[in-house]
Structures are given as C-alpha cells and as structure tokens.
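So the structure is just underneath, and the comments pick up after that.
Residue numbers (the numbering used here): 77 to 235.
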C-alpha cells in the first residue's frame with residue numbers, strides 16, 4: 077500500500093513495507109500442512125487451497141502470498157514428474173509447423189538444401205545440422221532447440 081504526501085508541488089511516495097509475521101505464517105502452515113506431494117489426492121487437496129487463496133487475489137496478506145507461492149512450487153514439482161511432457165522428435169515438430177502453415181517440403185528446400193536432404197529431415201531419416209536448426213528456427217520463428225533433439229533423447233524422455 078502506498079502513502080503519498082505533497083510538498084512544494086512535488087509528490088513524495090512512501091511505500092509501506094510489508095513484513096512477514098512468523099506466527100501468522102506458522103498458523104497457515106499448520107492449517108494447510110503443505111509437504112512434498114506424493115499422490116494425486118494430495119495434489120488435489122493443495123490445488124483446492126490454491127483456488128481458495130486465488131479467490132482472495134488482491135486481498136491476500138503477505139503470509140498468504142508466501143503460502144500461495146509455496147503451494148504453487150510444490151504442485152508444479154509434482155505435476156512435472158507425474159505428467160511429463162514428452163520431447164518431440166525434430167521431424168515431428170517440422171511436420172506440425174509445416175501443417176500449421178500450409179507448407180510443402182519444397183518450401184523448406186532453400187533452408188535445408190537439396191530435395192533429398194529436405195525429404196530425409198522431414199521424414200525423420202536425418203537430424204537437422206546445427207546450421208539447419210538455426211535456419212529452421214528463424215524461418216518458423218521458434219527456438220532452434222526444437223530441431224536439435226536427438227532421437228535417443230526423445231526415446232529416453234518417454235520412460
């Protein structure tokens with residue numbers, strides 16, 4: 077919350093510093109009992125707490141903001157492990173981007189080189205070189221890293 081005072085035509089802004097009250101925060105922690113999430117049931121319970129806090133949005137105390145941040149970290153950590161997003165193979169990404177933009181293989185020939193190389197990259201028989209990945213990234217307006225994942229990395233991320 078800000079207080080303002082006016083002196084000689086100048087506005088001075090005084091910012092009220094919010095200080096965490098350890099007792100209030102401790103009470104919140106004792107009520108919610110956040111721990112590392114090990115089950116979907118625990119995840120759902122903490123998601124409900126997050127929803128409850130978000131309903132208050134602008135009226136959260138500093139202690140509630142800290143609790144919300146903690147719960148968010150715990151939920152994100154659990155969900156990253158429980159619901160991993162598989163890494164797509166470069167040719168899959170290329171095909172999706174081509175379909176999305178209505179492109180044909182011949183449209184990528186200036187970027188990838190010959191007709192044969194373009195065909196091999198698009199079909200997944202060949203991984204794009206670093207230079208090709210950079211050019212593809214620039215052409216599609218995405219990170220070149222999307223085109224540099226090897227198929228071995230792709231397979232291991234699905235385990």
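Just so it is clear, CB atoms sit at the ideal spot from N, CA and C, and this is done for glycine as well. Please read all numbers here as calculations on a predicted model, not as lab measurements.
Looking at residue i: is its Cβ nearer than 8 angstroms to the Cβ of residue j?
| i | j | result |
| --- | --- | --- |
| residue 224 | residue 206 | yes |
| residue 136 | residue 144 | yes |
| residue 139 | residue 180 | no |
| residue 198 | residue 167 | yes |
| residue 142 | residue 109 | no |
| residue 222 | residue 208 | no |
| residue 164 | residue 200 | no |
| residue 154 | residue 113 | yes |
For residue i, count the other beta carbons within 10 Å of its own beta carbon; 16 or more makes it buried, fewer makes it exposed. Which is it?
| i | result |
| --- | --- |
| residue 98 | exposed |
| residue 103 | exposed |
| residue 184 | buried |
| residue 182 | exposed |
| residue 161 | exposed |
Tell me which residue opens and which closes the alpha helix (DSSP H) that residue i is part of.
| i | result |
| --- | --- |
| residue 93 | It is not in any alpha helix (DSSP H) - residue 93 carries neither H nor E in the DSSP assignment. |
| residue 166 | 166 to 177 |
| residue 208 | 206 to 216 |
| residue 224 | Per DSSP, residue 224 belongs to no alpha helix (DSSP H) and is neither H nor E. |
| residue 117 | 116 to 132 |
| residue 194 | 191 to 199 |
| residue 154 | 138 to 158 |
| residue 113 | Element bounds for residue 113: n/a, residue is neither H nor E. |
Indicate whether the contact test is met: 3 or more Cβ pairs, each with one atom in the region 156 to 176 and one in the region 202 to 217, closer than 8 angstroms.
yes
Inter-stretch contact (C-beta, 8 angstroms, three-pair minimum) for the region 147 to 157 and the region 106 to 121
yes
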